[in-house]
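Chains as they are written, first to last, in the numbering used here: chain R, 9 to 324; chain U, 9 to 324.
Inspection log for the structure reproduced underneath, given as structure tokens.
Number of protein chains: 2
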Amino acid sequence: MSSSIQTVGVIGAGVIGASWTALFLAKGLKVIVTDPAPGAEAKLRDYLQEYCSEVPNATVAPGACLKNYTFVEDIEPYLGSLDLIQENGPERLDFKSRLFAQLDAKTPPHILIASSSSGLPSSEFVTGCSNNPSRILIGHPFNPPHLVPLVEVVPHPGTSRDYVTGAYKFYKSLDKEPVVVNQETPGFIANRLQAAICAEAYSLVSRGIVSAEDLDKTVTSGLGLRWALTGPIMTNTLGGGGDFTYFMDHLGPALKSWLDDMAMNQFDLGSEEQVNGLKKNVNGWISQVDLKKVEGNRDLLLANLVKSKLDQTANQ
Amino acid sequence: MSSSIQTVGVIGAGVIGASWTALFLAKGLKVIVTDPAPGAEAKLRDYLQEYCSEVPNATVAPGACLKNYTFVEDIEPYLGSLDLIQENGPERLDFKSRLFAQLDAKTPPHILIASSSSGLPSSEFVTGCSNNPSRILIGHPFNPPHLVPLVEVVPHPGTSRDYVTGAYKFYKSLDKEPVVVNQETPGFIANRLQAAICAEAYSLVSRGIVSAEDLDKTVTSGLGLRWALTGPIMTNTLGGGGDFTYFMDHLGPALKSWLDDMAMNQFDLGSEEQVNGLKKNVNGWISQVDLKKVEGNRDLLLANLVKSKLDQTANQ
């Protein structure tokens with residue numbers, strides 16, 4: 009793939025596609041964007057007007073961003089002039105298979121095509137690609153992409169290593185933090201880790217051991233504060249006085265005993281009764297919360313936190 | 009319990025006890041502290057000199073903090089004059105049982121006695137308390153207590169509700185975020201949630217799906233950034249457009265499919281071979297990392313983040 013990417017094609021301008029567009033523009037790229045939904049063009053303009061200014065360490069002023077994109081009804085005539093595609097269409101296999109066959113056929117064969125798919129692995133939808141499927145992979149962002157640095161780069165078995173490296177470098181050049189998922193695995197990495205914590209959270213709340221509100225507080229006032237800065241493995245290591253082996257030898261048995269107890273008290277997502285009980289419990293709390301305020305507060309602190317981390321890295 | 013707490017007894021001045029002492033002093037309390045370890049008094053002084061200044065929203069200047077504590081060889085003569093005890097002794101049942109029998113016998117019967125125990129539930133070590141065991145509970149902090157707001161308040165079955173409320177109010181008055189764990193459960197809340205994520209992290213890294221470094225990055229650049237600000241349940245709710253029921257109905261099946269796959273690929277903490285392989289894998293990364301720098305960077309951003317959250321709450 010080319011190392012100089014200037015024009016990105018964004019396919020699908022829903023929540024994820026619009027946020028990618030804001031990021032690309034704020035980092036100095038030109039964007040050709042398309043979405044067949046009624047009113048998509050106006051919605052995108054509103055979104056960009058509001059959110060381009062939020063991108064941490066933007067290199068282009070918000071006003072200028074708005075001049076650097078073109079919304080098109082049909083992207084096909086533009087496919088030959090793109091340097092990279094970020095696809096954000098619906099998570100339907102038939103849809104993505106058709107779309108990727110078209111994209112692969114109509115774009116220059118060397119350009120990277122990344123899908124934001126959170127569920128479908130690309131091996132399932134490249135089956136109709138005969139031009140160069142080795143340049144197709146998943147670039148799964150974390151919502152909203154213009155703020156949260158994580159991108160999971162997931163090749164399919166036929167993706168070339170060069171494109172994995174190319175995707176890594178491209179996202180990194182936008183101040184994203186790409187991670188490489190070596191094998192397609194259900195839920196990739198982030199959704200699995202999230203499922204792990206949610207399953208135990210649902211169990212603790214359902215069993216009445218802690219309220220839903222306090223469960224969340226346990227994370228936002230403790231675990232999550234650490235995990236924003238050091239991951240689970242580094243947190244273990246620092247907890248072991250800088251020694252992961254020490255941690256495992258001394259805390260492994262306790263960890264195992266907790267996991268055994270958790271296994272005996274698992275929440276059953278397949279049980280309608282348990283799920284309904286949980287919904288009722290959670291909704292009793294959520295109904296008293298001003299969600300707009302929660303979200304606004306989160307976005308403000310999130311942008312500051314991402315910026316602080318970027319600045320800390322830049323100064324070292 | 010008395011609502012006006014002025015003098016706190018801190019028993020055990022290791023990492024946790026010293027950090028509690030820094031917090032209590034920076035928030036204007038007087039502290040009587042004891043620890044039988046050789047050199048404990050000098051170590052504590054060094055710790056307080058370095059860390060009292062780190063406490064977010066301190067009400068007492070670091071220099072003044074150092075005048076408000078007394079290190080004593082034997083705390084027994086002081087027990088009658090304390091308003092609250094925070095105990096941080098070794099996690100050994102025989103030790104804690106003896107200690108709590110003494111504390112319960114020699115303190116005024118109305119004062120709260122909290123243990124920082126992370127493992128032993130207090131029901132196990134109040135068996136020798138005949139004065140007033142209903143004022144004994146766990147107040148389990150998250151390391152380091154002078155920075156991380158979380159305190160798990162865990163009553164034993166005989167703890168009076170008044171003391172649970174009292175502990176909650178006391179910690180809250182220090183800008184901590186107490187959560188109430190309604191029943192003694194192995195690992196309380198935080199360690200269970202942490203075990204959940206670690207188990208899947210170990211599995212993914214051991215299976216070669218992601219490197220240890222990228223596993224951690226998935227958390228620090230994505231999940232953890234969110235969890236520092238909104239917990240798992242609120243994150244679900246916002247992900248469902250403000251509706252937890254919608255989230256469960258639409259994403260529950262995917263969640264279940266990931267959990268099923270995770271169950272089939274569980275890491276076995278009881279397998280020496282798997283544990284050794286994981287240690288080798290993780291140590292290959294950690295050996296290249298400057299841990300002092302990681303820790304320093306974390307503490308700096310952690311203090312800023314805690315302060316930003318306190319300020320945001322105060323301004324609303």
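Yeah, the Cβ is synthetic: ideal placement off N, Cα and C, and Gly gets one too.
**Asked** Quick one: is residue 272(R) buried, meaning 16 or more other Cβ sit within 10 Å of its Cβ, or exposed?
**Response** To locate residue 272(R), count along the first sequence from 1; it is residue 264. When all chains shown are included, residue 272(R) counts as exposed.
**Message:** Rounded to the nearest angstrom, what separates residue 172(U) and residue 163(U) at their Cα positions?
**Reply:** Position 164 of the second sequence, counted from the first residue, corresponds to residue 172(U). Position 155 of the second sequence, counted from the first residue, corresponds to residue 163(U). One Cα belongs to residue 172(U), the other to residue 163(U), and the distance between them is close to 7 Å.
**Message:** For a contact defined as C-beta to C-beta under 8 Å, what are the partners of residue 94(R) on chain U?
**Reply:** Along the first sequence, one-based indexing puts residue 94(R) at 86. Residues of chain U passing the Cβ test: none, with the nearest at roughly 17 Å.
**Item:** Bridge partners - residue 79(R), DSSP secondary structure assignment
**Value:** Position 71 of the first sequence holds residue 79(R). Beta-bridge pairing links residue 79(R) to 41(R).
**Asked** What are the partner residues of residue 185(R), as DSSP defines its beta bridges?
**Response** Taking the first residue of the first sequence as position 1, residue 185(R) is located at position 177. Looking at the DSSP assignment, residue 185(R) forms a beta bridge with 158(R).
**Prompt:** Around the Cβ of residue 188(U), are there at least 16 other Cβ atoms within 10 angstroms (buried) or fewer (exposed)?
**Reply:** By one-based count along the second sequence, residue 188(U) stands at place 180. Answer is buried; the Cβ neighbour count reaches 16.
**Item:** For residue 64(U) and residue 220(U), believed in contact at Cβ under 8 Å, the rounded distance
**Value:** Position 212 of the second sequence, counting from 1, holds the residue named residue 220(U). Position 56 of the second sequence, counting from 1, holds the residue named residue 64(U). That belief does not hold up - the Cβ atoms of residue 220(U) and residue 64(U) are roughly 31 Å apart, past 8 Å.
**Item:** Cut-off 8 Å between Cβ atoms - residues of its own chain near residue 199(R), not counting five sequence neighbours on either side
**Value:** Translated into the one-based positions of the first sequence, residue 199(R) becomes position 191. Within the same chain, residue 199(R) has close Cβ partners 126.
**Asked** Counting pairs of beta carbons, one from the segment 214-229 of chain R and one from the segment 212-230 of chain U, are three or more of them closer than 8 Å?
**Response** no
**Request:** Quick one: give me the first and last residue of the beta strand (DSSP E) that residue 92(R) is part of.
**Result:** Position 84 of the first sequence holds residue 92(R). Unbroken beta strand (DSSP E) run through residue 92(R): 92-95.
**Message:** Which same chain residues end up closer than 6 Å to residue 153(R) when comparing Cβ atoms and leaving out the 5 residues on each side of it in sequence?
**Reply:** Residue mapping note: residue 153(R) aligns to position 145 of the first sequence, counting from 1. Correct list, in chain order: 27, 28 and 31.
**Request:** Examine chain R for any beta-carbon lying closer than 8 Å to the beta-carbon of residue 28(U), and answer yes or no.
**Result:** Sequence index remark: in the second sequence, residue 28(U) carries index 20 (1-based). No, no contact with chain R.
**Item:** residue 24(R) - containing alpha helix (DSSP H), residue span
**Value:** In the first sequence, residue 24(R) corresponds to position 16, counting from 1. That run of the alpha helix (DSSP H) goes 23-34.
**Asked** In the DSSP assignment, what residue or residues form a beta bridge with residue 328(R)?
**Response** This structure leaves residue 328(R) out entirely; chain R is present only between 9 and 324.
**Asked** For the alpha helix (DSSP H) that contains residue 304(R), what are its first and last residues?
**Response** Residue numbering aside, residue 304(R) sits at position 296 when the first sequence is read from its first letter. Start and end: 299-322.
**Message:** Whole angstroms are fine: how far does the CA of residue 304(R) sit from the CA of residue 131(R)?
**Reply:** To locate residue 131(R), count along the first sequence from 1; it is residue 123. To locate residue 304(R), count along the first sequence from 1; it is residue 296. Their Cα atoms are separated by approximately 38 Å.
**Asked** So, do the segment 307-323 of chain U and the segment 265-284 of chain R have three or more beta carbon pairs nearer to each other than 8 Å?
**Response** no
**Request:** Compute the Euclidean distance between the alpha carbons of residue 202(U) and residue 277(U), then round it to the nearest angstrom.
**Result:** For the purposes of this step, residue 202(U) is taken as the residue at position 194 of the second sequence. For the purposes of this step, residue 277(U) is taken as the residue at position 269 of the second sequence. Distance between the alpha carbons of residue 202(U) and residue 277(U): 15 Å.
**Message:** Does the contact criterion of 3 or more C-beta pairs under 8 Å hold for the segment 78-89 of chain U versus the segment 102-118 of chain U?
**Reply:** yes
**Asked** Below 8 Å, can you find three or more Cβ-Cβ pairs linking the segment 58-77 of chain U to the segment 133-148 of chain U?
**Response** no
**Prompt:** Mind listing which residues of the segment 182-207 of chain R have their C-beta closer than 7 Å to chain U's C-betas, in chain order?
**Reply:** 185, 187, 188, 189, 190, 191, 193, 194, 195, 197, 198, 199, 200, 201, 202, 203, 204, 205, 206 and 207
**Item:** Partners in chain R for residue 303(U), counting only beta-carbon separations shorter than 9 Å
**Value:** In the second sequence, counting from the first residue as 1, residue 303(U) sits at position 295. Going along chain R in sequence order, the residues near residue 303(U) (Cβ under 9 Å) are 238, 246 and 250.
**Item:** Pairwise C-alpha distance: residue 151(R) and residue 250(U)
**Value:** Here residue 250(U) refers to the residue found at position 242 of the second sequence. Here residue 151(R) refers to the residue found at position 143 of the first sequence. Distance between the alpha carbons of residue 250(U) and residue 151(R) is about 15 Å.
**Item:** Residues from the segment 59-88 of chain R in contact with chain U, defined by Cβ distance under 9 Å
**Value:** Listed in sequence order: no entries.
**Prompt:** Going along the segment 215-233 of chain U in order, which residues come within less than 7 Å of chain R, judged by CB to CB distance?
**Reply:** 216, 217, 218, 220, 222, 223, 224, 225, 226, 227, 228, 229, 230, 231, 232 and 233
**Prompt:** What did DSSP end up calling residue 135(R) once you bin it into helix, strand or coil?
**Reply:** Here residue 135(R) is taken as the residue at index 127 of the first sequence, counted from 1. Coil.
**Close-in-space but distant-in-sequence residues of the same chain around residue 226(U) (CB under 8 Å, 5 per side omitted)** = Locating residue 226(U) in the second sequence gives position 218, counting from the first residue. Correct list, in chain order: 218.
**Request:** Verify the CB distance criterion: does residue 279(R) have a CB-CB separation below 8 Å to chain U?
**Result:** In the first sequence, counting from the first residue as 1, residue 279(R) sits at position 271. It does not: the Cβ of residue 279(R) has no partner Cβ on chain U nearer than 8 Å.
**Request:** May I ask you to report which of helix, strand or coil DSSP gives residue 217(R)?
**Result:** By 1-based counting over the first sequence, the position of residue 217(R) is 209. Of the three classes helix, strand and coil, the one that applies to residue 217(R) here is coil, per DSSP.
**Asked** Distance, Cα to Cα, residue 25(R) vs residue 147(R)?
**Response** Working through the first sequence from its first residue, we reach residue 25(R) at position 17. Working through the first sequence from its first residue, we reach residue 147(R) at position 139. Residue 25(R) and residue 147(R): Cα-Cα distance of roughly 12 Å.
**Request:** Sort 149(R), 261(R) and 20(R) by Cα distance to residue 180(R) and report the nearest one.
**Result:** Within the first sequence, numbered from 1, the residue matching residue 180(R) stands at position 172. Among 149(R), 261(R) and 20(R), the Cα nearest to that of residue 180(R) belongs to 149(R).
**Prompt:** Starting from residue 15(R) and walking both ways along the beta strand (DSSP E), at which residues does that stretch end?
**Reply:** Taking the first sequence and counting its residues from 1, one reaches residue 15(R) at position 7. Counting along the chain, the beta strand (DSSP E) containing residue 15(R) begins and ends at 15-19.
**Asked** When you compare only the Cα positions, how much space is there between residue 3(R) and residue 175(U)?
**Response** Limits of chain R in this structure are 9 at one end and 324 at the other, which puts residue 3(R) out of reach.
**Asked** Can you check whether the CB of residue 238(R) is closer than 8 Å to the CB of residue 228(U)?
**Response** Counted from its first residue, the second sequence places residue 228(U) at position 220. Counted from its first residue, the first sequence places residue 238(R) at position 230. It is a contact, given that the beta carbons lie within the stated cut-off.
**Item:** Integer Cβ distance of residue 83(U) from residue 121(U), believed to fall under 8 Å
**Value:** As a first step, residue 83(U) must be located in the second sequence, where it is residue number 75. As a first step, residue 121(U) must be located in the second sequence, where it is residue number 113. Not really, about 12 Å apart at Cβ, beyond 8 Å.
**Prompt:** residue 53(R) touches chain U at which residues, Cβ-Cβ below 7 Å?
**Reply:** As a first step, residue 53(R) is located in the first sequence; it is residue number 45 there, counting from the start. Correct list: empty, because the minimum Cβ distance to chain U is about 22 Å.
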